[in-house]
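Novice: The structure is given below, and queries will be raised subsequently.
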Amino acid sequence: MELLITAITNAFSIEIILYTCLGVFLGVTVGAIPGLSGDMAIALLLPLVYKIAPGSSIGMLLGIYKGSMFGGSISAISFGVPGTAAAAATVEDGYAAKLAGHPNQALMTALYSSITGDVFSDLVLIFLSIPMASVALQFGPVEFFSLYVFSLMLISILTLGKISKGLASATIGLFIGAIGMDPLIGAPRYMFGINQLRSGIPMVPLLVGVFALPELIIQFAKEWEKIIARKMDEAVNRAAFLGYETSKDKMSFRIYLSTLKATMIGAGIGTFIGALPGAGSSLAAYISYGMAKKVSKQPENFGKGCLEGVAAPEAGNSATCGATFIPLFAFGIPGSATAALFGAALIMQGINPGPTMIAENTLIIYTLFVILIYANFINLGFGRALIPLYAKLSMIKSKFLVPAVFAIALLGTYASRNSMIDVWVVLIAGVLGILMRKNSFPPRTSRSGLHYRPGSGKILEASSPSRERGLDLSVKKPNCDPPISFLLGFYSVCLFYKPEKTYSHG
Amino acid sequence: MNKLILKRDNIIGMILVAMGFIGFLNTVMGEFSGGEGVGAHFFPQITFIIMGISGGIMIFEKSDEVKKEFLPVTPLPVSIFLLTGVLYFFMLRRFGLTGATLIYLIGMFMLLTPKPLKNFKSVLIPTAIILVIIHVLFNYIVELVY
Chain A
4 MELLITAITN AFSIEIILYT CLGVFLGVTV GAIPGLSGDM AIALLLPLVY KIAPGSSIGM
64 LLGIYKGSMF GGSISAISFG VPGTAAAAAT VEDGYAAKLA GHPNQALMTA LYSSITGDVF
124 SDLVLIFLSI PMASVALQFG PVEFFSLYVF SLMLISILTL GKISKGLASA TIGLFIGAIG
184 MDPLIGAPRY MFGINQLRSG IPMVPLLVGV FALPELIIQF AKEWEKIIAR KMDEAVNRAA
244 FLGYETSKDK MSFRIYLSTL KATMIGAGIG TFIGALPGAG SSLAAYISYG MAKKVSKQPE
304 NFGKGCLEGV AAPEAGNSAT CGATFIPLFA FGIPGSATAA LFGAALIMQG INPGPTMIAE
364 NTLIIYTLFV ILIYANFINL GFGRALIPLY AKLSMIKSKF LVPAVFAIAL LGTYASRNSM
424 IDVWVVLIAG VLGILMRKNS FPPRTSRSGL HYRPGSGKIL EASSPSRERG LDLSVKKPNC
484 DPPISFLLGF YSVCLFYKPE KTYSHG
Chain B
11 MNKLILKRDN IIGMILVAMG FIGFLNTVMG EFSGGEGVGA HFFPQITFII MGISGGIMIF
71 EKSDEVKKEF LPVTPLPVSI FLLTGVLYFF MLRRFGLTGA TLIYLIGMFM LLTPKPLKNF
131 KSVLIPTAII LVIIHVLFNY IVELVY
């Protein structure tokens, strides 16, 4: 109890609140601008994490994540262009609602549903991660390795596109992660005579390169194509609000209640999907939309500006926010790209995600839980006050945005260690990232592979048969009565049996 | 069969098989420290086996079409984009943060503005705003050393 009070006091310090506000502002801003995403912003700010106290940096990153989930809906509703992939499902009814003369109701419904879904998911994380971590403490190396394999298989299956590409992508990540000193016996691997690679490929520039650069390259290439084709930028259609009456577009508590069922469907589905490694927020948004339509009394209104059609996907994508941290906190397994980035940020602050993390860093984790909850209310306040400004921000042209973000990405990466090698790694990783994206290889899987490498490699080597020890397959592990590793291995194989691909959106 | 091999994904599959094979051979014949347990080569060995298998599957799978949004992504704009980054860093050492950023931003904005609209004045305001942000962020907050 004393610890909880200290955590609350810490979390409500002016510095942490200000950094969280900054994070939410940045998150909503990048979310609202098509082409930028919360993941990209987190990746860009990772180098700065070194310079900020743990509580403040966690607050800022959480703020970015939460803000960007809502931010994506602003341009989706205002212009029919989803700011993030997770907001693609919101376009369906959000943009239709705007065209029908209800942009305010649609935006406010998106905001309230996002916050409701997010709070629900955060509470599940808070009440579930501690008991799950205590279960994970009973796991031995073999169980952990099986879990790593299982979740990597799950990511390969659930990620869009072909399974073969998902697997290949994971192995690329695993190979990159294998560069450097072996974690168990300290033997060098694939260093090609470069001593700076002893501790492996630097994580921050690699993440910035694979996350942020491909998107910038795509935007640059599109602008370049316009130059070559000598096309002028299309004028923005600002006439959409003609005949708009504000009195008919007021948000009320009654409207919120009318969308509550859809919101709670989204919150439940989003939380469940968020906790699954690899599934992602866009999948959660689409499934929530489909489910809300199915149980709605007026399913025929979906697609025509129905507010339930805004509430369900927004609650669904935001509800993945808290839940995505469950596997990271309980097992040390980053289930999503954001969780992987967040895990990297925690490691940079000296906190190793995994079952012992909560016991070893109780105060900072409790502080994180408190920030998780109040960041939602900061998001609510910013959203309510600044929606019109955010809508304008989403109109910033790529030709101004791309060079600025690229410069900040390069400078930020260089600043983390003052090393030119890091700049080269960003550029090379960017090429790798764009090649993978262009050829439909899911970069998310390779990122997960990269993150799994240090833990899984060490565990594999620790649990594998050796000259001295015999084959030990966990059946006789002291604390795990059922052979969990066998079950997980069996499920991993089963995942490849006629996997259904019902989801086709980006 | 010929049609399959000529497709993009099938070629990538062949490259992956080759990489997996070479990598696997390297883990078997290369110099890896043994140590306690299975040794440093074991993890990459498994990685290369899976890489080879997934590449093998890709050789015989139907090739994916390149999505419309990636059509403009050709080697020329990608090379130009990356080259501007490299130039920016060389300028950073020569002209300092403010000077290099100023040249870089004006250069990039002019480069990305179509000819009829190419106008030095039109890029000055966005350049000034971004320059101030970068200057404050990296000179005062991050205290960049270059």
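Protein chains in written order, with this note's numbering: chain A, 4 to 509; chain B, 11 to 156.
For each residue, glycine too, the CB sits at the ideal point set by N, CA and C.
Remember, it's a predicted structure, so these values are computed and weren't measured experimentally.
Taking 8 Å as the CB-CB limit, is residue 114 of chain B close to chain A?
Specialist: True, the Cβ-Cβ gap to chain A drops below 8 Å.
Novice: Please confirm if the stretch 335 to 342 of chain A is in contact with the stretch 107 to 125 of chain A, defined as three or more CB-CB distances below 8 Å between the two stretches.
Specialist: No, the stretch 335 to 342 of chain A does not touch the stretch 107 to 125 of chain A.
Novice: Short check: CB of residue 356 of chain A to CB of residue 280 of chain A, under 8 Å?
Specialist: No, Cβ-Cβ distance for residue 356 of chain A and residue 280 of chain A is not below 8 Å.
Novice: Quick one: what does DSSP say residue 4 of chain A is sitting in, helix, strand or coil?
Specialist: In the structure shown, residue 4 of chain A sits in coil (DSSP, three-state: anything other than H, G, I, E or B).
Novice: Give me the Cα-Cα distance between residue 33 of chain B and residue 179 of chain A, rounded to the nearest whole angstrom.
Specialist: Going by the C-alpha atoms only, they are around 13 Å apart.
Novice: For residue 379 of chain A, count neighbouring Cβ atoms within 10 angstroms of its own Cβ and tell me buried if that reaches 16, exposed if not.
Specialist: So residue 379 of chain A ends up on the buried side.
Novice: When you compare each of A/226, A/278, A/26 to residue 60 of chain A by their alpha carbons, which one comes out closest?
Specialist: Of the candidates A/226, A/278, A/26, the one whose C-alpha sits nearest the C-alpha of residue 60 of chain A is A/26.
Novice: Who are residue 183 of chain A's beta bridge partners in DSSP?
Specialist: Answer is A/192.
Novice: Taking 8 Å as the threshold (C-beta atoms), are residue 89 of chain A and residue 111 of chain A in contact?
Specialist: No. Outside cutoff.
Novice: If we ignore side chains and look at the alpha-carbon of each, how far apart do residue 223 of chain A and residue 437 of chain A end up?
Specialist: Answer to the nearest angstrom: the Cα atoms are 12 Å apart.
Novice: Could you check which residue in A/416, A/150, A/366 has the C-alpha nearest to that of residue 494 of chain A?
Specialist: Selected option, being the one with the closest Cα: A/150.
Novice: Looking at the secondary structure, which residues open and close the alpha helix (DSSP H) in which residue 423 of chain A lies?
Specialist: Looking at the DSSP string, the run of the alpha helix (DSSP H) that includes residue 423 of chain A is 423 to 441.
Novice: What whole-angstrom Cβ distance do residue 208 of chain A and residue 428 of chain A have, given they're in contact under 8 Å?
Specialist: Right, the Cβ-Cβ distance comes to about 4 Å (below 8 Å), so this counts as a contact.
Novice: Using a beta-carbon distance cut-off of less than 7 Å, what residues from the stretch 61 to 83 of chain B approach chain A?
Specialist: Cβ contacts with chain A come from 61, 64, 65, 67, 68, 71, 74, 76, 79, 80, 82, 83.
Novice: Under 7 Å, CB to CB, which of the residues in the stretch 378 to 412 of chain A have a partner in chain B?
Specialist: Correct list: 402, 403, 406, 407, 409, 410, 411.
Novice: Below 8 Å on the Cβ atoms is my contact criterion, and I expect residue 210 of chain A with residue 408 of chain A to pass it. Report the Cβ-Cβ distance as a whole number of Å.
Specialist: 15 Å between Cβ atoms; not a contact.
Novice: Would residue 312 of chain A pass as a contact of residue 96 of chain A if the rule is Cβ separation under 8 Å?
Specialist: Yes, they are a contact pair.
Novice: So is residue 25 of chain B in contact with chain A if we call contact Cβ pairs under 8 Å?
Specialist: No, its Cβ sits nowhere closer than 8 Å to a Cβ of chain A.
Novice: Residues of the stretch 76 to 90 of chain A in Cβ contact with chain B at a cutoff of 8 Å, in chain order, please.
Specialist: Hits within the stretch: zero.
Novice: Suppose you measure from the CA of residue 24 of chain B to the CA of residue 231 of chain A; what does that come to, to the nearest Å?
Specialist: Answer to the nearest angstrom: the Cα atoms are 34 Å apart.
Novice: Roughly how many whole angstroms lie between the Cα atoms of residue 73 of chain B and residue 34 of chain A?
Specialist: When rounded, the distance between both Cα atoms is 33 Å.
Novice: Does the Cβ of residue 27 of chain B have 16 or more other Cβ atoms within 10 Å, making it buried, or fewer, making it exposed?
Specialist: Under this definition residue 27 of chain B is a buried residue.
Novice: What's the gap between the Cα of residue 472 of chain A and the Cα of residue 348 of chain A?
Specialist: In this predicted model, residue 472 of chain A has a pLDDT of only 43, less than 50, meaning its place in the structure is not dependable enough to derive any value.
Novice: Quick check: the Cα distance between residue 41 of chain A and residue 135 of chain B, rounded to an integer number of angstroms?
Specialist: In a straight line, the C-alpha of residue 41 of chain A is about 27 Å away from that of residue 135 of chain B.
Novice: Output yes or no for whether 8 Å exceeds the beta carbon distance between residue 64 of chain B and residue 170 of chain A.
Specialist: For residue 64 of chain B and residue 170 of chain A, yes; Cβs fall inside 8 Å.
Novice: Quick one, are the C-beta atoms of residue 320 of chain A and residue 362 of chain A less than 8 Å apart?
Specialist: Not closer than 8 Å, so no.
Novice: Assuming residue 181 of chain A contacts residue 57 of chain B under a Cβ cut-off of 8 Å, what Cβ separation, rounded to an integer in Å, is found between them?
Specialist: Rounded, the Cβ-Cβ distance is 6 Å, consistent with contact.
Novice: Taking all protein chains shown into account, do 16 or more other C-beta atoms lie within 10 angstroms of the C-beta of residue 353 of chain A, making it buried, or fewer, making it exposed?
Specialist: Burial call: exposed.
Novice: Determine whether the Cβ of residue 33 of chain A lies closer than 8 Å to any Cβ atom of chain B.
Specialist: No, no contact with chain B.
Novice: Check whether the stretch 253 to 273 of chain A and the stretch 110 to 119 of chain B touch, using three or more Cβ-Cβ pairs below 8 Å as the test.
Specialist: Short answer: they don't touch.
Novice: In terms of residues, what are the limits of the alpha helix (DSSP H) holding residue 152 of chain B?
Specialist: Where residue 152 of chain B is concerned, there is no enclosing alpha helix (DSSP H), given that its DSSP letter is neither H nor E.
Novice: According to a CB-to-CB cut-off of less than 8 Å, which residues of the stretch 218 to 231 of chain A neighbour chain B?
Specialist: The stretch 218 to 231 of chain A vs chain B, Cβ under 8 Å: 219, 220, 221, 223, 224, 225, 226, 227, 228, 229, 230.
Novice: Can a CB atom of chain A be found closer than 8 Å to the CB of residue 54 of chain B?
Specialist: True, the Cβ-Cβ gap to chain A drops below 8 Å.
Novice: Locate the alpha helix (DSSP H) running through residue 81 of chain B, then write down its first and last residues.
Specialist: Neither: residue 81 of chain B is in no alpha helix (DSSP H) and is coded neither H nor E.
Novice: Compare the C-alpha of residue 76 of chain B against each of B/90, B/59, B/144, B/17 and name the closest.
Specialist: Checking every option, the nearest Cα to that of residue 76 of chain B belongs to B/17.
Novice: Is the CB-CB distance between residue 70 of chain A and residue 31 of chain A below 8 Å?
Specialist: Yes.
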